[in-house]
Amino acid sequence: MSQSLTSPYELYKFLLSHFGPQHWWPAETPFEVVVGAILTQQVAWKNAEKAIENLKNANVLDLCKISNLSLEKLEVYLKPTGFYRQKAKRLKDICSYISKEYNSNLKRLFNKETCSLRAELLSLNGIGPETADSIILYAAEKPSFVIDAYTKRICKRLQLTDDLDYEPLKKFFENSLPKNVEIYKEFHALIVELGKNYCKTKPVCKNCPLSKKCI
DNA sequence: ACCCAGGTGGCCC
DNA sequence: GGGCCACATGGG
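Numbering (the working numbering), first residue to last: 4 to 218.
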């Protein structure tokens, strides 16, 4: 446990042994991953979960149905997620785009090469780098490491690297890890597990498994 | 009454 | 190319 954590891969192995496998993403279908990835932006997962329940209860958690739903109705379902007006419009537009360009078939979109898939997702309003990588990794199941606020915070506390901008940090992790979808999936989930329980905005890591390594 | 949560896009310099 | 800002609900 007091082995030094000098690289992302070492951190991954430590977190896996400490917390055990997380089996992410918490969703039943790839489309549910897409929806969840958008709805959880800058909000606790619990809130996104409520909205997804609303969609399920209304029997509209479906790409075609959302693209045909009125914005007003969609907004009501998405209320718990915060920024619900933005998110409703963006989610509806994204669903409409996939309906039109891929005949509502997510698999056809996900068949593209990782690099061009990422570029295409990033071109859509409401999908930034973290959301794009979450969709590629957990819905399309291709290796694209996800960086989030916890990842940056943990890297900073552990002083793993200096450049915390999204793309350089993503490369830093990918260069350290075996290029393996299951490892990428687990590692990001483990980082969230660590982050939401122990690595909050304030630099206090009492009882944190990494406390000896934190500043 | 605060602060924060698995970001993103638009604007300004 | 980087630093602000709006977006909005729910839980501690």
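Note that beta-carbon positions come from the ideal geometry of N, C-alpha and C, so glycine has one too.
Please read all numbers here as calculations on a predicted model, not as lab measurements.
Practice prompt. Let me know the secondary structure DSSP gives E78 once reduced to three states.
Written response: For the purposes of this step, residue 78 is taken as residue 75 along the first sequence, with counting starting at 1. DSSP places E78 within a helical segment (H, G or I) once states are collapsed to three.
Worksheet item: When the Cα atoms are used, what is the spatial distance from L172 to L19?
Response: As a position in the first sequence, residue 172 is number 169, starting the count at 1. As a position in the first sequence, residue 19 is number 16, starting the count at 1. If you draw a straight line from the Cα of L172 to the Cα of L19, it comes to about 20 Å.
Worksheet item: At what residues does the alpha helix (DSSP H) containing K140 begin and finish?
Response: Translated into the one-based positions of the first sequence, residue 140 becomes position 137. Inspection of the sequence shows that residue 140 is occupied by Leu rather than by Lys. Premise fails: L140 is in no alpha helix (DSSP H) and is neither H nor E.
Worksheet item: Within 10 angstroms of its Cβ, does Q44 collect 16 or more other Cβ (buried), or is it exposed?
Response: Position 41 of the first sequence, counted from the start, is the residue given in the question as residue 44. Under this definition Q44 is a buried residue.
Fill in: Assigned secondary structure, L8 (DSSP; H/G/I helix, E/B strand, else coil)
For the purposes of this step, residue 8 is taken as residue 5 along the first sequence, with counting starting at 1. L8 falls in the coil class under three-state DSSP.
Worksheet item: Shortest alpha-carbon distance to D96 belongs to which of L180, L72 and L140?
Response: Counting from 1 along the first sequence, the entry for residue 96 is found at position 93. For D96, the nearest C-alpha among the options comes from L72.
Worksheet item: Beta-carbon separation of S70 and S102 under 9 Å?
Response: The residue you call residue 70 lines up with position 67 of the first sequence. The residue you call residue 102 lines up with position 99 of the first sequence. Contact: yes.
Worksheet item: Is the region 144–151 touching the region 170–184 in the sense that three or more CB pairs, one from each, lie closer than 8 Å?
Response: Touching, yes, given that three or more Cβ pairs across the two stretches are closer than 8 Å.
Worksheet item: For the putative contact between T117 and I138, defined by C-beta atoms under 8 Å, what is the C-beta separation to the nearest angstrom?
Response: On the first sequence, residue 117 is found 114 positions in, with the first residue counted as 1. On the first sequence, residue 138 is found 135 positions in, with the first residue counted as 1. Contact flag wrong, Cβ pair sits at about 11 Å.
Worksheet entry | Start and end residues, alpha helix (DSSP H) containing P33 | Against the first sequence, residue 33 aligns to sequence position 30. Under the DSSP assignment, P33 falls in the alpha helix (DSSP H) whose first and last residues are P33 to L42.
Discussion item. One question on the structure: do L94 and I41 come within less than 9 Å of each other, judged by their Cβ atoms?
Written reply: If you number the first sequence from 1, residue 94 lands on position 91. If you number the first sequence from 1, residue 41 lands on position 38. The criterion of a C-beta distance shorter than 9 Å is satisfied by L94 and I41.
Worksheet entry | Length of the line joining the Cα atoms of P132 and R88 | By one-based count along the first sequence, residue 132 stands at place 129. By one-based count along the first sequence, residue 88 stands at place 85. One C-alpha to the other measures close to 21 Å.
Item to complete: Run the CB neighbour count on K23, radius 10 Å, all protein chains shown included, and call it buried at 16 or more, exposed below.
Response: Within the first sequence, numbered from 1, the residue matching residue 23 stands at position 20. According to the sequence as given, residue 23 is Gly; it is not Lys. Exposed is the label assigned to G23, since fewer than 16 other Cβ atoms lie within 10 Å of its Cβ.
Practice prompt. Report the three-state DSSP secondary structure of K16 (helix, strand or coil).
Written response: Here residue 16 refers to the residue found at position 13 of the first sequence. Assignment of K16 by DSSP, reduced to helix, strand and coil, places it in the helix class.
Item to complete: Report the three-state DSSP secondary structure of W28 (helix, strand or coil).
Response: By one-based count along the first sequence, residue 28 stands at place 25. When DSSP states are grouped into helix, strand and coil, W28 belongs to the coil group.
Fill in: Buried versus exposed, by CB contacts within 10 Å (16 or more), V79
Here residue 79 refers to the residue found at position 76 of the first sequence. Exposed: under 16 other Cβ atoms inside 10 Å.
Practice prompt. Could you check what DSSP says for N114 in three-state terms: helix, strand or coil?
Written response: Numbered from 1 along the first sequence, position 111 holds the residue referred to as residue 114. Under the three-state reduction of DSSP, N114 is assigned to coil, being neither helix nor strand.
Practice prompt. Going by CA-CA distance only, name the one from L124, K159 and P33 that's closest to T204.
Written response: Counting from 1 along the first sequence, the entry for residue 204 is found at position 201. For T204, the closest C-alpha among the options L124, K159 and P33 is that of K159.
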